[in-house]
Amino acid sequence: MSNDYRDIHIESSMPKPWEEEETFNDVLYEWMSKAPWLLISGALHFVLFLIVAAIPWSVFEKTPDQNVEASIEQPPPEELEEEEEEPEEIEEEETEEEPIIEEFEVSDHNETDTNEDYESSEGNDSNADSPFDSNNSNAVLGIGGGAGGKYGGRFGGRRNLRAAGGTGTEQAIKDGLEWLKNHQDESGGWDADEFWKHDDDKDKNDRDDGGDAIHDIGVTGLALLAFLGDGHTMTRGAYKDVVSKGIKWLAAQQDKESGIFGQEIGQAFLYDHAIATLAMCETYYIDKSILLKTKAQKAINYISRARNPYGAWRYAVPPDGDSDTSVTGWMIFAMKSAQEGKLDVDEEAYVAAIQFFDEMTDEGTGRVGYTERGSPSSRVAGMNQEQYPTDSGEALTAVALLCRFFLGQNPDDQTIMKDHAELLLRRLPKWEPEKFGCDMYYWYYGSYAMFQMGGKYWKEWNKAMKPAVVESQRSDGGTAFKGSWDPVGPWGYAGGRVYSTATMVLCLEVYFRYAKVLGAR
């Protein structure tokens, strides 16, 4: 027996470890033992997924550069302070621009100032010997052509003033407006008594051509009417800055409650108010500013309250029953201008005015009286009664005649109008300061009334106007006097040189002024 155990092989019947056989039960048991942990792990992964999905990953992205463009709008221009009220709707009309009273474009007036005689300028007129010679006249306002206006119809196609007005007329208007411009206060108004403060010192001594300070409102209105009559408005024309400042000043003088321009001081404040109202209404008609509409309407409402019930106007507010032709005339012109601008007016006043003029008319002579039938023109005791005779003019007859045209009467139907005109023919304008015969108030109304009459009436009146108006204009004295008229008439003491100059410029504008507002019905 060998002792070498290396040759002995022992084999076991037990399965080897790597040969062990796994049954299905074994596998199922093993998975079941691990199931709780798998569920917990899945739940954790699901929660983690929700957290990751909720993170706003866009905040970590780089924002691209952006260009931002901005513009700064200018604040709207400051306007006149006005009481809070809803503005009435107005009919829209085509206008060049909406004027803003507080905003002004200030520019130098650069019109060439020459003394050129219009006979030597282009378009010579064969009738140039007379300042107003023209074959064109209106039988009735708005009928038959006539005053087409500087901008034609009312505003288009300016008439050739040289052809219509003759030698020197346009230059006279230009020089007169330039004088008025040079004597406007910086505030916008005109000073009736101290207008000469704008002149050189050497021209300020011993001046006796000033008016009464109480009439600053009235002379400002007249000056504005002179500029408006030549086609200058708040929005156009060489003098638009002058008109804008003047209207702004007038607007600032209006009482917000009553509507009156200025104050109820003295007897003649209604004259000033009526003239200022006419200027405001004419400006509103042209420029259509809502602010101007409100102010013009309030001014017209004041005029309505000042009228006597079933009658006309004089000095008292509230009215006391007295009426006179002069104040009534200005009130009618202001109301007709307002009506053309579609403002509210009391049209019963027109009927009452015609009745009043009839009451004041002497049917035997055709003369229209002041406060009594056929009475002479008014004078003020201690002021102009002694110097200025009442028989040198027919101012009140001229007022009534022009008002009759405005109120729709026709000389063909109302023969009394021819009687008025015949009376005016016997009192033609004459420049006679030494005889105290210069009545510029009369000449102003007479020019417009006789122009509307036409025919022989205008022809004779027209011939008298050249020496009376054009040749009497100052051409000396530099800026202190050149272009102005000496205030030598019966009312020069009240209005001064501003009044006389504005009134005479208005006379020279007879062809186109009223057609702009009152003549194209």
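Just so you know, we're using the working numbering here: the sequence shown kicks off at 2 and counts up by one. Even for Gly, the Cβ is constructed at its ideal location relative to N, Cα and C. Computed from a prediction, not measured in an experiment: that's the story for all the values here.
Where residue i falls, given that 16 or more other Cβ within 10 Å makes a residue buried
i, result
"residue 352", "exposed"
"residue 364", "exposed"
"residue 172", "buried"
"residue 214", "exposed"
"residue 412", "buried"
"residue 218", "buried"
"residue 356", "exposed"
"residue 430", "buried"
"residue 322", "exposed"
For residue i, the first and last residue of its enclosing alpha helix (DSSP H)
i, result
"residue 274", "270-288"
"residue 508", "493-509"
"residue 432", "Note, residue 432: premise wrong, no alpha helix (DSSP H); not H, not E."
"residue 443", "441-454"
"residue 230", "217-230"
"residue 470", "First-last for residue 470: undefined, no H or E at that position."
"residue 421", "416-426"
"residue 405", "396-407"
For residue j and residue i, the rounded distance between their alpha carbons
i, j, result
"residue 320", "residue 202", "46 Å"
"residue 306", "residue 278", "14 Å"
"residue 204", "residue 170", "27 Å"
"residue 268", "residue 216", "11 Å"
"residue 274", "residue 461", "34 Å"
"residue 509", "residue 360", "32 Å"
"residue 234", "residue 246", "11 Å"
"residue 104", "residue 300", "Reliability fails at residue 104, whose pLDDT of 36 lies under 50, so the model's placement of it is uncertain and the value that follows must be treated cautiously. Going by the C-alpha atoms only, they are around 23 Å apart."
"residue 441", "residue 226", "16 Å"
"residue 453", "residue 436", "29 Å"
"residue 344", "residue 206", "46 Å"
"residue 478", "residue 472", "16 Å"
"residue 112", "residue 512", "With a pLDDT of only 37 at residue 112, under 50, the local geometry of the prediction cannot be trusted, and the value read off the model is given with reservation. Rounded to the nearest angstrom, the two C-alpha atoms are 22 Å apart."
"residue 456", "residue 419", "11 Å"
"residue 253", "residue 354", "31 Å"
"residue 316", "residue 416", "31 Å"
"residue 397", "residue 249", "32 Å"
"residue 97", "residue 376", "A caution first: residue 97 carries a pLDDT of 45, below 50, which makes its placement in the model unreliable, though a value can still be read off. So the two alpha carbons sit approximately 48 Å from each other."
"residue 339", "residue 303", "13 Å"
"residue 295", "residue 427", "44 Å"
"residue 408", "residue 200", "43 Å"
"residue 285", "residue 405", "24 Å"
"residue 256", "residue 271", "14 Å"
"residue 402", "residue 259", "31 Å"
"residue 198", "residue 498", "13 Å"
"residue 313", "residue 333", "10 Å"
"residue 212", "residue 290", "32 Å"
"residue 147", "residue 181", "For residue 147, the pLDDT reaches just 32, beneath the cut-off of 50, and the residue's location in the model is therefore unreliable, leaving the point undetermined."
"residue 1", "residue 414", "Because the chain here runs from 2 to 522, residue 1 falls outside it and cannot be looked at."
"residue 51", "residue 42", "15 Å"
Three-way DSSP call (helix, strand, coil) for residue i in this model
i, result
"residue 369", "strand"
"residue 170", "helix"
"residue 1", "The structure shown does not extend to residue 1, since the chain spans only 2 to 522, so no value can be given for it."
"residue 295", "helix"
"residue 262", "strand"
"residue 161", "Only weak support is given to the placement of residue 161: the predicted model assigns it a pLDDT of 48, under 50, and the value that follows is read from those uncertain coordinates. Coil at residue 161, not helix or strand."
"residue 255", "strand"
"residue 356", "helix"
"residue 486", "coil"
"residue 185", "strand"
"residue 180", "helix"
"residue 362", "strand"
"residue 250", "helix"
"residue 314", "coil"
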